[in-house]
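Right, one structure below, let's go through it.
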Amino acid sequence: MRVMPNLFEGKIKESSIFLNRDIMLPSYTPERLPFREKQIEEMVSVLSAAVDDHKPDNLFLYGKPGTGKTSCTRHVLNQLDEFVRAKGLAVKIVYMNCRHYNSKYKVLSRIVQGLYPDRDFIGYSGTFIYENLLKYCKENACRLIIGLDEIDKTKDLDELIYALTRANDELQNSSISILGISNQLMFKDRLDPRTKSSLCERELVFPPYNAEELRAILKDRVKMAFKPDVVEESAINLAAAIAAQESGDARTAVMLMLRAAEIAEQGNHSKVTDKEVKKAKERVEEEIVMDMICSLPEQQQLVLYAIARLTTDKKGIKKLSNEECVLCSGEVYDEYRKIAEKVKASSVSIRWFQEYINELEMYGLLLTTNSGKGFRGHTRLIKLGFDGEKIRSILEKHLLA
DNA sequence: CCTCCACAGGAAGCGCAGGAGT
DNA sequence: ACTCCTGCGCTTCCTGTGGAGG
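The opening residue of the first sequence carries number 0 in numbering that gives the first Met the number 0; numbering runs sequentially from there.
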């Protein structure tokens, strides 16, 4: 009997372009953080109080996504941890993301769990957990530093901050400091004024990167992740320029380059050039649009589908004087009703249909203008924002499934 | 000029779900 | 466990608007 080859045989492929693909993934924490020297220095100067056996001020970091907040924090906290371990200092560090630990109870449990790794705190009351937090600080006379990433995701943040800052009143040779990180500057205004002033004893802004900085960051990563001379200089420049224009976000730039590299690999090209970056950008944009369409409520999908059908079937299309092809909202509503009936879905009133049109326009999926001369009465002229065939085919799969 | 058309969009209110308060 | 409240999605009703057509 012939032995079948294992299914995974031949799946280990030597990449022709990557040295280490992981370096291009969002989870990678870079060791060097260029253009953030000032922020790192500031963080170190605040936290160094702990090394000196004083309470560090609470520190609040904010800036848009991909501006290096998390990477810098991780880096600084790692360094601090390494340092205090080597010197045998009583400094404890707990870091977590509040997207997962999104309530006072969950955050406190996570902290205490980190302090007592051998014990299990599942199921105990909030008070018991809080008591244990205080007990640990008192017994170990330690400086506790709590890093809370995406702190704005915590539901009862006022109470959490209050509990943590009030703990300091009961502690003498020990303390608790908070290092909060947020993407949203505005969220501070939703807080209780007392919470705000205690959380934001010290603040640090992470501004977006400009194109020049993104270029340097990307170049650095590319050097580590790819084989030499695989990525062309101009491709790096283009990816940096696109990311700078869109968001000033290093993550976008790196993701774009990763996509471009994957496109090159699929096409068996040994080089990543402008062409791949451009293609990657298009593909990313298309994916965003398609994801958006798929996550729309069913009724809005039906409305969009009606518009896509009329557009691709060239039914009911009016040509404007400037050659633009548009649809009138009344006809779209009729078509929508017909389609809804066909797929046995309910349909909404014309008033609500208008709101759907507004919403779809807000998402950029539609473009509308008010009718002027040449149209009876007062109607809205509707046009698709993206390719009709693509929208139609994706919605057909989605709605008829 | 008046009336009609074809719609936009405001206001009020309804039914329901989920959360807060007790 | 219970009620009460609130927000959401939606319908119904209404008023406004501006060109077309007689």
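Note that the Cβ used here is the ideal one computed from N, Cα and C, for glycine as well.
With contacts defined by Cβ atoms closer than 8 Å, A215 and P64 do not form a contacting pair. According to the DSSP secondary-structure assignment, M95 is paired through a beta bridge with L147. Close CB contacts of F120 within its chain, under the 7 Å cut and outside five residues either way in sequence, are with S108, V111, Q112 and I128 (chain order).
Rounded to whole angstroms, L237 and K277 show a C-alpha spacing of 8 Å.
Judged by DSSP secondary structure, N369 falls within the beta strand (DSSP E) whose first and last residues are L365 to N369. F7 sits in coil when the DSSP states are folded into three classes, being neither helix nor strand. Exclusion of the five residues before and after N139 leaves A89, K91 and S173 as the residues of its chain whose Cβ lies within less than 8 Å of its Cβ. The continuous alpha helix (DSSP H) containing K137 extends over residues G125 to N139. The C-alpha of S328 is placed about 19 Å away from the C-alpha of E297. Here the alpha carbons of V253 and M23 stand approximately 6 Å from one another.
Just so you know, the alpha carbons of K389 and K318 end up roughly 22 Å apart. With a 10 Å radius around the Cβ and a threshold of 16 neighbouring Cβ atoms, H377 comes out exposed. Rounded to the nearest whole angstrom, the CA to CA distance from A243 to S15 is 29 Å. Between the alpha carbons of E284 and A85 lies a gap of roughly 48 Å. A contact between stretches requires three or more CB pairs, one per stretch, nearer than 8 Å, and the segment 205 to 224 fails this requirement with the segment 157 to 176. Per DSSP, V229 is not a residue of any alpha helix (DSSP H), being assigned neither H nor E. By the 16-neighbour rule on beta-carbons within 10 angstroms, M291 is exposed. 8 Å or more divides the Cβ of E202 from the Cβ of I180. For G179, the beta-bridge partners assigned by DSSP are F59 and L147. Cβ contact annotation for R35 (same chain, cutoff 6 Å, sequence separation greater than five): G67 and C71, in chain order. Sequence-distant partners of L257 (beyond 5 residues in either direction) whose C-beta falls short of 7 Å from its own C-beta, in its chain, are M23. Rounded to the nearest whole angstrom, the CA to CA distance from T311 to H268 is 36 Å.
Our two residues, N357 and I39, have alpha carbons roughly 45 Å apart in a direct line. Judged by their CB atoms, R98 and K152 are nearer to each other than the 8 Å cut-off.
K103 is the residue among I306, D52 and K103 whose C-alpha sits nearest the C-alpha of E158. I338: member of the alpha helix (DSSP H) spanning S328 to K341, first to last residue. At the C-beta level, L178 and L147 come within 8 Å of one another.
R142 sits in a strand when the DSSP states are folded into three classes.
For G387 and K154, the gap between their C-alpha atoms comes out near 42 Å. Taking the Cα positions, M289 is about 21 Å away from I241. Shown here for T367: same chain residues with a beta carbon closer than 6 Å to its own, the five before and five after excluded, namely E360, R379 and I381 in chain order. Going by DSSP, I121 is part of no alpha helix (DSSP H) at all; its letter is neither H nor E.
Per DSSP, the beta bridge partners of C324 are K318. The beta carbon of Y115 sits closer than 8 Å to those of N131 and Y135, all from its chain and outside the five residues before and after it, given in chain order. Distance from the CA of E200 to the CA of E212, rounded to the nearest whole angstrom, comes to 29 Å. By the Cβ neighbour-count rule, P55 is buried, with 16 or more other Cβ atoms within 10 Å of its own.
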